[in-house]
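Enquirer: In the working numbering, the protein residues as written are 747 to 953.
Have a look at this one.
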């Protein structure tokens, strides 16, 4: 049996257009973060990727490349670029902006390459929270996402926020690892982090 490969599909041209998309995306992203106001890093990068997809499509249809692709192939390329833009937006700037793991590496580097193990709790509470403006940034992100609202100095869940919180709790309890390694021990502690909560022993802060 002889398998025939369709050589009509212009793989090289598809790759060239994808590189063009990545270049345009990079330029737009850099201009955006350097010269414009940004509310949420992920949303900003996602918008930049969509603009890059639109410009790449315009380039595709305004050049001879357009004749080399079927309509279905153009649609497939568009979907690929959208997914690629989403993946890059959430995997690079968003992860670097939010990652505690990367902060740990950067902090160890800042302190000369080594930090005592027993000092990390103090670093997280006294340095990480302050240096990354963690509370302000996370509340800003949730406000922009429409999951919380602030009324009379009280932070409350919106309907969307409630649904997301409940869904997240369900996923955590049922679909996260039951044997997760935490410093050499395997347990299900992170499937229910509130299990041993000290909420009864701390001052009341509900509103």
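Quick reminder that beta carbons are idealized off the backbone N, C-alpha and C, glycines included.
On the premise that residue 809 lies in contact with residue 767, defined as a C-beta separation below 8 Å, what is that separation, rounded to the nearest angstrom?
Expert: Incorrect: roughly 14 Å between the Cβ atoms, too far for contact.
Enquirer: Give the straight-line distance between the Cα atoms of residue 717 and residue 765, rounded to the nearest whole angstrom.
Expert: Coverage of the chain is limited to positions 747 through 953, which leaves residue 717 absent and any answer about it impossible.
Enquirer: Which residue comes first and which comes last in the alpha helix (DSSP H) that contains residue 739?
Expert: No statement about residue 739 is possible, as the shown extent of the chain runs from 747 to 953 and does not include it.
Enquirer: Tell me which residues share the same chain as residue 840 and place their Cβ nearer than 8 Å to its Cβ, disregarding the 5 neighbours each side in the sequence.
Expert: 787, 788, 791
Enquirer: In or out: residue 859 buried (at least 16 other Cβ within 10 Å) or exposed?
Expert: With fewer than 16 other CB atoms across the displayed protein chains lying within 10 angstroms of its CB, residue 859 is exposed.
Enquirer: Roughly how many angstroms separate the alpha carbons of residue 778 and residue 856, rounded to a whole number?
Expert: Near 28 Å, if we compare the C-alpha coordinates of residue 856 and residue 778.
Enquirer: Cutting at 7 Å between CB atoms, please list the residues of its own chain near residue 799, excluding the five before and the five after it.
Expert: Correct list, in chain order: 767, 824, 827, 828, 831.
Enquirer: In terms of alpha-carbon separation, which member of 822, 862, 871, 864 lies closest to residue 846?
Expert: 871
Enquirer: My guess is that residue 910 and residue 902 are in contact by the Cβ rule of under 8 Å, so how many angstroms apart are they, rounded?
Expert: Not a contact, Cβ separation roughly 14 Å.
Enquirer: CB residue 889 to CB residue 896, shorter than 9 Å?
Expert: yes
Enquirer: I think residue 928 touches residue 919, with their Cβ atoms under 8 Å apart; what is that distance to the nearest whole Å?
Expert: Rounded, the Cβ-Cβ distance is 17 Å, inconsistent with contact.
Enquirer: Could you have a look at residue 813 and say whether DSSP puts it in helix, strand or coil?
Expert: helix
Enquirer: Buried or exposed for residue 806, please, with buried defined as at least 16 other CB atoms from any protein chain shown within 10 angstroms of its CB.
Expert: buried
Enquirer: Where DSSP assigns a beta bridge to residue 789, which residues make up the other side?
Expert: Paired residue(s): none; residue 789 is not in a bridge.
Enquirer: Quick check: the Cα distance between residue 952 and residue 907, rounded to an integer number of angstroms?
Expert: 17 Å
Enquirer: Which term fits residue 757, buried or exposed, when burial requires 16 or more other beta carbons within 10 angstroms of its beta carbon?
Expert: exposed
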